[in-house]
Amino acid sequence: MPATIKAYGMLKTYLHGQNEASVEHGLTIRQALAVLGIPSELVAFVIVNDEQKSKDYCLQDADIVKVMAVMGGG
Amino acid sequence: MKGYAGSILRVNLATGQISKEPTPAEMARDYLGGRGFGIYQLFKEVPKGADALGPQNKLIISTGPLSGMLIPGGGKCDWTTKSPLTGGYASASMGGHFTAEMKYAGYDSIILEGVSPKPVYLLIEDGKVQLLDAAHLWGKGAFDVEVEFKHKYGEEYQIAAIGPGGENLVLYACINHDFGRQAGRGGVGAVMGSKKLKAIVVRGTKSVEVADPEGYRKAGMALYKACKDAEGLAEWTRYGTTVVTSWCDEVGALPTRNFSAGSFEGGEKIYGQTMRKEIVITDKGCFGCPCPCGKYSHMKRYGTYVEGPEYETIGLMGSNLGIADIQAVGEANRLADDLGVDTISAGNCVAWAMECYEKGILTKEDTDGLELKFGNIEATFALIKNIAHRQGKLGNLLADGVKRAAEKIGKGSERFAIQVKGMEQSGYATHSATSMLLAYMTCDVGAHHNRAWAITYDLQVGRSLVVPEKVARVIWLQNFRPMFDVLGACRLQWVELSIDRDLYVPAMEAITGIHRTWEDMEAVGNRIWNLTRLFWMRENEDFGRSWDQPSPRFFEEPPKTGATAGQITSYEDVQRLLDMYYEQRGWDNNGLPTPATLEKLNLAQIAS
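Protein chains in written order, with my numbering: chain G, 1 to 74; chain B, 1001 to 1608.
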């Protein structure tokens, strides 16, 4: 079963207005972002199944992944 | 005036005289509140050339129209003074619960003037205001003072206190509140210490009249609903500002070993997720906050607790010191807070000293025996204590800030003193991020990030580009973002939850009875920005372009490691950024506002 990538905020623009997209499991987050055309360096925050993970995390079956940019800082 | 408390409280520490005066309507109209009130009153009341630590300087605390109101994060107040660290404008924003009590007690501003002959604290209970003896508190840490007052007066009383750092006039001493919130930057704590004022204790029970109660309720609830519905609310709340640590490391923005690089090989050990697993025990929010970003932590190894560390402290007291240990960063944070010194400036000073030591510029004789290598945790703790108490040769040297320390030591160490206008740089390495570099160069208090946080924009459009659009972005951010410090609300709901900023417009109108668009409020922001510039000019005869230069490290020394290895902004590009910035601001080639610009901003009269 593919993993689901949900893009938040400005990152949605790279999904052509869609909120989410499916990618095959087995890819790393970094690879999945490349497949979807989301610039990796704009993604500040990766949450996989409610836990923050690095972009080197390897996607598992049916993972739900949220990716966010940080627009404002402290 | 609707939405305001209506009075200014004036306390003369020298004579003990306490008086109240109405908040001027024209000040509310033109400067709105918060840091707007701060700079307007500072400019008018503090005479040119006043000693920042002398009786003529004033410390001005101001609330805004959104402070203490039904607005997400309406718990911010501003502390403005002439900075002993920079000799220019200082404005520090503080969260927590102090602001609401101050406004409910009836005050839009508190102006502290003169110098007390002995240690005192200020007790405010609505209209009853007293200066009381604080001799028994002098020398105590800020946390102990807060505990004592909570026991003495009760939980509802809010306290702002200095630690030994403020008493000993460490030039970047901070003011602590609510066991972990600070008015942190520019040495506001040293000014409070110079006045022999150990603490302010406040309790207010009055209400604030608004123009349209039903409209206010609706607009406030709409803001809260937007926060509750925001994508990312749970994630932001879980990690707070520490969420950016891993990202900064990845993109080469994490200050590492005195900003010699932007990526840290031990980064994973200080990332937000590591911190959450290892030391965080609960979340902690400020007044009226629906998304509490504060993290309360327990450092088991040391048997201690702290609110934090925030990202800035992780960067400056972690990677920037070569420390890959979140418990040690938490403990350094706790020490700095309790002793009352700003973690950003202190982290910079220790990092500079470590680099001097590793280069042989400082020896063990200079460091009072400390083996001051990057990564030495115990030496870091010892040096923070020495700074706060001005103990030993190095502690005393660093208590005056990195610029003065480097000028005294020389031997090329000025090239790696990371500061602008004498203020140490906060937590973003800017070797290759030209908007963020410009934001630091032109920030109105020195090298601070919060006026214009533009680093994501750099990555979006090309980090090394030097183009007018980047400059325009920085100026827009500088006019807009600090308006939250004017209005008295936290900016993080807009910044991180991306709620629609237009939701604030009906809230402001219902509270004050005056319709203002964001364009109107940005015009106020522009006026305030230019008035702070006038203050710098008035207080420093040679003020101009030379004061806007970044640390040479950012145009001379490309990092050798990490994401930005080999990348640097050229000196010529640094000057091009300034040229474009001055032109777009309506300033001359030396960075001074032109008469036409002052006229346009309704500042000609105050400037004359």
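C-beta: ideal position from N, C-alpha, C; glycine also.
Close Cβ partners of residue i (< 6 angstroms) along its chain, the five nearest in sequence each way excluded
i: V1280/B; result: K1295 and S1297
i: C1289/B; result: G1073
i: M1275/B; result: T1242 and I1326
i: A1261/B; result: P1559, T1561 and G1562
i: G1127/B; result: none
i: A1565/B; result: P1559
i: D56/G; result: T28
7 angstroms Cβ shell around residue i - same chain, five flanking residues per side excluded
i: L1171/B; result: P1084, L1085, G1187, A1190, A1399, D1400 and G1401
i: K1421/B; result: T1086, G1088, G1446 and W1547
i: G1038/B; result: I1060, S1062, D1078, T1080 and S1091
i: F1554/B; result: T1430, H1431, L1437 and T1569
i: T1512/B; result: K1002, G1003, P1065 and A1211
i: A1100/B; result: S1067, G1068, G1075 and F1287
i: F1179/B; result: F1143, E1146 and E1307
i: M1580/B; result: P1468 and V1471
Other residues of its chain near residue i: CB distance less than 8 angstroms, five sequence neighbours each side excluded
i: P1595/B; result: A1604
i: G1166/B; result: A1173, C1174, I1175, G1189, A1190, M1192, G1193 and G1340
i: D1502/B; result: W1518
i: P1506/B; result: G1215, K1218, A1219 and A1222
Closest residue to residue i among the options (Cα-Cα distance)
i: L1601/B; options: W1529/B, R1545/B and C1289/B; result: W1529/B
i: I1344/B; options: S1464/B, A1406/B and H1448/B; result: H1448/B
i: G1460/B; options: I38/G, D56/G and I47/G; result: With the sequence shown as reference, residue 1460/B is identified as Gln, and Gly is not the correct amino acid for it. Among I38/G, D56/G and I47/G, the Cα nearest to that of Q1460/B belongs to I38/G.
i: R1545/B; options: K1128/B, P1593/B and T1517/B; result: P1593/B
i: G9/G; options: L1497/B, M1580/B, G1308/B and I1514/B; result: L1497/B
i: Q1549/B; options: P1055/B, M1423/B, D1520/B and D1212/B; result: M1423/B
i: M1094/B; options: V1486/B, E1509/B, G1322/B and Y1504/B; result: V1486/B
i: P1024/B; options: I1200/B, G1036/B, G1016/B and A1507/B; result: G1036/B
i: G1204/B; options: R1185/B, L1492/B and E1155/B; result: E1155/B
i: S1435/B; options: F1416/B, S1426/B, Q1425/B and T1456/B; result: T1456/B
Any C-beta of chain A under 8 angstroms from that of residue i
i: A3/G; result: The structure shown has no chain A; the protein chains it does contain are G and B.
Whole-angstrom distance between residue j and residue i, CA atom to CA atom
i: F1259/B; j: I1418/B; result: 8 angstroms
i: V1306/B; j: T1241/B; result: 15 angstroms
i: I1475/B; j: G1006/B; result: 32 angstroms
i: P2/G; j: C1490/B; result: 40 angstroms
i: Y14/G; j: A1253/B; result: 24 angstroms
i: P1022/B; j: Q1041/B; result: 14 angstroms
i: I1377/B; j: L1383/B; result: 10 angstroms
i: L977/B; j: Y1121/B; result: Look at the range of chain B in this structure, 1001 to 1608, and you will see that residue 977/B is not part of it.
i: A1211/B; j: I1008/B; result: 21 angstroms
i: F1543/B; j: R1463/B; result: 29 angstroms
i: G1360/B; j: W1453/B; result: 36 angstroms
i: G1033/B; j: W1587/B; result: 26 angstroms
i: A75/G; j: V48/G; result: Residue 75/G is absent from the structure shown; chain G starts at 1 and stops at 74.
i: G1285/B; j: T1237/B; result: 9 angstroms
i: E1358/B; j: Y1271/B; result: 26 angstroms
i: E1265/B; j: V1466/B; result: 30 angstroms
i: A1142/B; j: K1196/B; result: 14 angstroms
i: P1164/B; j: N1450/B; result: 27 angstroms
i: A1388/B; j: Q1158/B; result: 24 angstroms
i: Q1493/B; j: P1482/B; result: 14 angstroms
i: A1336/B; j: I1200/B; result: 20 angstroms
i: L1013/B; j: V1129/B; result: 13 angstroms
i: N1168/B; j: R1390/B; result: 7 angstroms
i: V1244/B; j: L1316/B; result: 14 angstroms
i: S1426/B; j: A1346/B; result: 11 angstroms
Contact test: residue i Cβ vs the ligand ADP heavy atom, cutoff 7 angstroms
i: S1435/B; result: The ligand ADP is not part of the structure shown, which contains no ligands of any sort.
Cβ-based contacts, 9 angstroms cut-off: residues of the segment 1240-1267 of chain B near chain G: Hits within the stretch, in order: T1241, V1243, V1244, S1246, W1247, C1248, E1250 and V1251.
Members of the segment 22-40 of chain G near chain B, C-beta cut-off 9 angstroms: Within the segment 22-40 of chain G, the residues whose Cβ lies closer than 9 angstroms to some Cβ of chain B are P39 and S40, listed in chain order.
Any 3 or more C-beta pairs closer than 8 angstroms across the segment 22-39 of chain G and the segment 1240-1256 of chain B: Flag = no, the segment 22-39 of chain G and the segment 1240-1256 of chain B do not touch.
The segment 1428-1448 of chain B in contact with the segment 1529-1548 of chain B per 3-pair CB rule at 8 angstroms: Proximity of the segment 1428-1448 of chain B to the segment 1529-1548 of chain B meets the contact definition, three or more beta-carbon pairs being nearer than 8 angstroms.
Interface residues of the segment 1525-1547 of chain B facing chain G [CB-CB below 7 angstroms]: So nothing in the stretch comes that close.
Selection of the segment 1497-1527 of chain B by Cβ proximity to chain G, strictly under 9 angstroms: Within the segment 1497-1527 of chain B, the qualifying residues are S1498.
Given 8 angstroms, three or more beta-carbon pairs between the segment 27-42 of chain G and the segment 1216-1223 of chain B: In short, these stretches do not touch, since the Cβ pair count stays below three.
Three or more C-beta pairs below 8 angstroms linking the segment 1561-1572 of chain B and the segment 1422-1432 of chain B: Because the criterion of three Cβ pairs below 8 angstroms is met, the segment 1561-1572 of chain B and the segment 1422-1432 of chain B touch.
Interface residues of the segment 4-20 of chain G facing chain B [CB-CB below 7 angstroms]: Of all residues in the segment 4-20 of chain G, Y8 and G9 have a Cβ within less than 7 angstroms of some Cβ in chain B.
Given 8 angstroms, three or more beta-carbon pairs between the segment 1036-1055 of chain B and the segment 1462-1478 of chain B: Touching, no.
Cβ contact (3+ pairs, closer than 8 angstroms) linking the segment 1114-1127 of chain B and the segment 1306-1315 of chain B: With a cut-off of 8 angstroms, the segment 1306-1315 of chain B and the segment 1114-1127 of chain B do not count as touching, because too few Cβ pairs lie within range.
Within 9 angstroms of chain B by C-beta, residues of the segment 57-68 of chain G in sequence order: Those would be K66 and M68, in chain order.
Residues in the segment 1438-1462 of chain B having any Cβ partner in chain G nearer than 8 angstroms: Those would be H1449, N1450, W1453, I1455, T1456, L1459 and Q1460, in chain order.
The segment 1057-1086 of chain B: positions lying closer than 9 angstroms to chain G by Cβ: Listed by position, the residues of the segment 1057-1086 of chain B near chain G (Cβ gap below 9 angstroms) amount to none.
Cβ-based contacts, 7 angstroms cut-off: residues of the segment 1272-1287 of chain B near chain G: For the segment 1272-1287 of chain B, which is checked against every Cβ of chain G, the residues closer than 7 angstroms are G1272 and Q1273.
Proximal residues, the segment 1212-1242 of chain B versus chain G, C-beta separation under 7 angstroms: Residues are counted here when their Cβ sits less than 7 angstroms from a Cβ of chain G; for the segment 1212-1242 of chain B these are E1231, G1232, E1235, Y1239 and T1241, given in chain order.
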